[in-house]
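**Student:** Those protein sequences? They're chains A and B, same order as listed.
So the first sequence is residues 10 to 465, counted in our numbering.
So the second sequence is residues 10 to 465, counted in our numbering.
One structure, pasted below without further comment.
Number of protein chains: 2
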Amino acid sequence: MAEQKIPYKTYLDESEIPTAWYNMRADMKNKPAPLLNPGTHQPMTAEELGGVFCADLVAQELDNDNRFIAIPEEIQSFYRMYRPSPLVRAYFLEKALGTPAKIYYKFEGNNTSGSHKLNSAIAQAYYAKKQGLKGVTTETGAGQWGTALSMACAYFGLDCKVFMVKVSYEQKPFRREVMRVYGADVTPSPSTTTEIGKKILEAHPGTTGSLGCAISEAVEVAVKSEGYRYVLGSVLNQVLLHQSVIGLEAKAAMDKLGVKPDIIIGCAGGGSNLGGLISPFMGEKLRGEADYRIIAVEPASCPSFTRGVYAYDFCDTGMVCPLAKMYTLGSDFIPSANHAGGLRYHGMSPVLSQLYDDGLMEAVSVEQTKVFEAAEMFARVEGTLPAPESSHAIRVAIDEALKCKETGEEKTILFGLTGTGYFDMVAYEKFHDGQMTDYIPTDEELAKYRANLPKF
Amino acid sequence: MAEQKIPYKTYLDESEIPTAWYNMRADMKNKPAPLLNPGTHQPMTAEELGGVFCADLVAQELDNDNRFIAIPEEIQSFYRMYRPSPLVRAYFLEKALGTPAKIYYKFEGNNTSGSHKLNSAIAQAYYAKKQGLKGVTTETGAGQWGTALSMACAYFGLDCKVFMVKVSYEQKPFRREVMRVYGADVTPSPSTTTEIGKKILEAHPGTTGSLGCAISEAVEVAVKSEGYRYVLGSVLNQVLLHQSVIGLEAKAAMDKLGVKPDIIIGCAGGGSNLGGLISPFMGEKLRGEADYRIIAVEPASCPSFTRGVYAYDFCDTGMVCPLAKMYTLGSDFIPSANHAGGLRYHGMSPVLSQLYDDGLMEAVSVEQTKVFEAAEMFARVEGTLPAPESSHAIRVAIDEALKCKETGEEKTILFGLTGTGYFDMVAYEKFHDGQMTDYIPTDEELAKYRANLPKF
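Here it is in structure tokens:
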């Protein structure tokens, strides 16, 4: 491999880190549907949203027009601590697969949060600080978002209250400890510290929690506490905006190398990493300047895109949040207990939902044992131990590369390696010991949850 | 900070990764003392060493003459998977300390092994494969070396048997799982699978193990198994040779930036990271071309340099290894159970021992609560969660920077950030909960172990 022209890793110069986020919505003909007030079913106003979210973030949430939004210097400075992230040519994986495909991945795991989540966490913490707030509240599932937010809050000296889905809190005590190192206050959810938590515990004693529950608790605390706002690590338009830094860097690096991807693949839970990765590519597609195959990969156990419906739904179990139009399984859907890692949210980013509904991207679902097979293979040949979430994208990147092997096509594949799996060793152990099982909800189960969608 | 000239992170180009290791011994006037046969007390011959180590590695171990040794292309190719590692300007730490000092660190934690250990693991696995061996055996303490070797063996399809110090095996189940992902076979040490393990268990029932025990077990298995050799992650001359890639990259990056360090700081357990980091700088010092203050930092609970003696000693508890002349506390010294992380080896690299004895470097010891204070501060301001081992260097870098604050001197400090602390959350938790204690062995205790040094 000595003669290759393309390096293993391409780092942009620090001066090439994007100075503005790209707002896909500006180029969308069909804009994502607005958030609705759950009481009046009218679009949420900036004023209404301002009770829950920081003012500047509300403006970003509602902004369907500005194509670029400048990244404040303080955030740029923090980005330089761990960005640019490398664009990696997966030579070792290509060789192991014997594929003519050229595989690239954008690796976002080289920071202590272990994932891309820091890109939005630092932005959200910055605007909270700018507004003079005392602190923020949030939920976390697998723990990456909570860790990222803790780091960001430590940097700006903000208080950080994290509601962690109980099953993760128990399975991942070290995740909790990392958050504590950064000074965060971590509570397992559902908890008895909130009204909604008490209600959920009464209705479902012994529940292991869900993102939907944890969101409700975090929102309740934010709304009831002076000087606090709620922040969210995925789903929202503002989060996709911040995460566009992933795609902008990836595209700049590929442009520098003179390479154009044919297929772009990302895992999708709430959609933040995928939305960020595809942003500038989708922008070209929306403007008719280029075409790309874009594939969202979701777990078969939580198949919002592939088996959900596109409808207005609650973002949380407690139904305190605005209604969002999105691909959803129903707000009380909780993935089976055998489901490992994140990607367990019942809904999907409204922006991605609209793009998917418009036929601008595809979606596939994969079973978790197949995902961990891909993860272990990737770890052994490419060195990096991937997060279970990221491994969904690896699975499909491998599948697409193997198709190229059959057809002889030299396609260029780009996927998002969103994070590392250091805190997911319980899941790896299960897989290794042959105790990991797959779960695919039946049509009947899904219909049951779907029947609870709000009707209006 | 927008106007700074020096970037936060400096990455060399892939083409600038060193193609030869630098062998400090070639420039040392006083060579490190040779390894001795424990039976005859004569220098170990290549033939004798060849029973335990791979042939090419024996040649490197004994080579006091060649200044540069070419890095085989296969190893260079693997290095490109995770190297060059970044040289980071610690702007955030400088700001937090309010120091005029300029602090740099070479960060070796951006790979799944979580540390610099991979630099030597891949080299040792390569030479084992080249020799046509079936596999290798080794010991691991904190687990970084075992992980690195597992990754390297997976890459070359070698079998990998790891004896893990029992206390770490129990405290760090996830470390073990990572090794299993890479296909390694991990046994807690002392074990009943070896003669020496059985003997140690008989003499010390309930022992939590030590590196010295684990080495003895790994060597026994290597010597008794057809097609196996033993490999070691520190102490040996060959390991320092491989680790010179750290210092060569650091110096190349600093030269590029036009910066010269005044003080170079590294943690020291067996000496591999420190020896690697300082190599090219020490080379200039040995050749009289430049001067640098070089500081080894060791734990107060295992103070080989600062309170040990420079003498021939056994490298392992079972006394099956060659004798090495080194700063040592005695081969049956085991750090107190409250000691967190690695840096628990009773001896020190013979190369570094000679350099220290010649007054070419300094050593200080630090207590672990002070180390974790520095670790937590570093995590919060620089983002990266450091390994406890690396945090020893952080502690002294901070202390030196604070001295500069007092004197107003603008010294340039370079330290080695050898790894990340993702698998050390038990220790962080203890620190956080105020349950971490310090331990300094008394003179009487040290005298007791010293009395057992071999006499001849």
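Even for Gly, the Cβ is constructed at its ideal location relative to N, Cα and C.
This one's a predicted model, so the numbers in the text were calculated from it and none came from an experiment.
1. What's the gap between the Cα of Tyr481 of chain B and the Cα of Ser124 of chain B?
2. Tell me the rounded alpha-carbon separation between Ser340 of chain A and Ser400 of chain A.
3. Skipping 5 residues on each side, what residues in its chain have a beta carbon closer than 7 Å to that of Gly292 of chain B?
4. Mind checking Arg238 of chain B: buried by the 16 CB within 10 Å criterion, or exposed?
5. Residues of the stretch 111 to 127 of chain A in Cβ contact with chain B at a cutoff of 7 Å, in chain order, please.
6. Residues of chain A with a CB under 9 Å from the CB of Thr196 of chain B: which are they?
7. Run through the stretch 418 to 448 of chain B for me and flag every whole alpha helix (DSSP H) of 4 or more residues, listed as ranges in chain order.
8. Which stretch, first to last residue, makes up the alpha helix (DSSP H) that contains Leu106 of chain A?
9. What separation, rounded to the nearest whole angstrom, lies between the Cα atoms of Thr49 of chain A and Phe424 of chain A?
10. Taking just the CA atoms, how far does Ser219 of chain B sit from Gln69 of chain B?
11. Since Ala309 of chain B sits in a beta bridge, which residues does DSSP pair it with?
12. Where do the N-terminal and C-terminal ends of the beta strand (DSSP E) with Gly275 of chain A fall, by residue?
13. Exposed or buried, Gly267 of chain B, counting other C-beta atoms within 10 Å across all chains shown (16 or more means buried)?
14. Measuring only the C-alpha atoms, how far is Arg389 of chain B from Thr427 of chain B?
15. Quick check: is the beta carbon of His355 of chain B nearer than 9 Å to any beta carbon in chain A?
16. Please determine, among A:Tyr91, A:Thr203, A:Asp65 and A:Lys170, the residue with the shortest C-alpha to C-alpha distance to Ile255 of chain A.
17. Hey, how far is the Cα of Ser378 of chain A from the Cα of Val97 of chain B?
18. Could you tell me which chain D residues have their CB closer than 7 Å to the CB of Ala383 of chain A, listed as they occur along the chain?
19. I need the straight-line Cα distance from Asn347 of chain B to Ala436 of chain A, nearest angstrom please.
20. Could you tell me whether the Cβ of Asp182 of chain A comes closer than 9 Å to any Cβ of chain B?
21. DSSP beta-bridge partners for Ala79 of chain B?
22. Give the residues of chain B in contact with His251 of chain A, contact being defined as C-beta atoms less than 8 Å apart.
23. Output the boundary residues of the beta strand (DSSP E) element that contains Phe116 of chain B.
24. May I ask you to list, following chain order, the residues of the stretch 96 to 108 of chain B that have a beta carbon less than 9 Å from some beta carbon of chain A?
25. So, with DSSP's three-state summary, where would you put Met10 of chain A?
26. Pull up the distance between the alpha-carbon of Thr19 of chain A and that of Ser374 of chain A, whole angstroms please.
27. Can you give me the start and stop residues for the beta strand (DSSP E) that Glu298 of chain A sits inside?
28. Ignoring anything shorter than 4 residues or poking outside the stretch 150 to 237 of chain B, list the alpha helix (DSSP H) runs there in chain order.
29. Would you identify the three-state DSSP class for Met370 of chain A, choosing helix, strand or coil?
30. Taking the alpha helix (DSSP H) that Val248 of chain A falls in, what are its first and last residues?
31. Are the CB atoms of Ala384 of chain A and Met445 of chain A within a distance shorter than 9 Å?
32. With burial defined as no fewer than 16 other Cβ atoms inside 10 Å of the residue's Cβ, what is the status of Glu56 of chain A: buried or exposed?
33. Answer with buried or exposed for Asp322 of chain B, where buried requires no fewer than 16 other C-beta atoms within 10 angstroms of its C-beta.
34. For Phe323 of chain A, which three-state DSSP category applies?
35. Residues of chain B with a CB under 9 Å from the CB of Glu186 of chain A: which are they?
36. According to DSSP, is Ile304 of chain A part of a helix, a strand, or is it coil?
**Tutor:** From the atom records:
1. Nothing about residue 481 of chain B can be reported from this structure: the residues present for chain B run from 10 to 465 only.
2. Straight-line spacing of the CA atoms in Ser340 of chain A and Ser400 of chain A works out to 25 Å.
3. Tyr31, Met33 and Asp36
4. Classification for Arg238 of chain B: buried.
5. Asn119, Asn120 and Thr121
6. Residues of chain A passing the Cβ test: none, with the nearest at roughly 16 Å.
7. As far as the stretch 418 to 448 of chain B is concerned, its whole alpha helix (DSSP H) runs of at least 4 residues are 434 to 441.
8. Tyr100 to Leu106
9. 41 Å
10. A direct Cα-to-Cα measurement between Gln69 of chain B and Ser219 of chain B gives close to 27 Å.
11. None; Ala309 of chain B has no bridge partner.
12. Ile272 to Cys276
13. exposed
14. Rounded to the nearest whole angstrom, the C-alpha separation of Arg389 of chain B and Thr427 of chain B is 18 Å.
15. no
16. A:Tyr91
17. First, the amino acid is wrong: residue 378 of chain A is Thr here, not Ser. Going by the C-alpha atoms only, they are around 39 Å apart.
18. As a matter of chain content, chain D is missing from the structure shown, whose protein chains are A and B.
19. For the pair Asn347 of chain B and Ala436 of chain A, the Cα-to-Cα distance works out to about 30 Å.
20. The sequence given here places Pro at residue 182 of chain A; Asp does not occur at that position. So, interface residue.
21. B:Ala29
22. Near His251 of chain A there are no residues of chain B at all, since even the closest Cβ is about 17 Å away, more than 8 Å.
23. Lys111 to Phe116
24. Val97, Tyr100 and Phe101
25. Confidence is the limiting factor: at Met10 of chain A the pLDDT is only 40, short of 50, which leaves the residue's position unreliable, though a coordinate-based value still follows. If DSSP states are grouped into helix, strand and coil, Met10 of chain A belongs with coil.
26. 30 Å
27. No beta strand (DSSP E) contains Glu298 of chain A, which DSSP labels as neither H nor E.
28. 153 to 165, 175 to 180, 182 to 190, 204 to 212 and 220 to 233
29. The answer is coil: DSSP assigns Met370 of chain A none of H, G, I, E or B.
30. First-last of the alpha helix (DSSP H) with Val248 of chain A: Asn246 to Leu266.
31. no
32. Exposed, because fewer than 16 other Cβ atoms sit within 10 Å of the Cβ of Glu56 of chain A.
33. buried
34. Note: Phe323 of chain A maps to strand in three-state DSSP.
35. Met434, Val435, Tyr437, Glu438 and His441
36. strand
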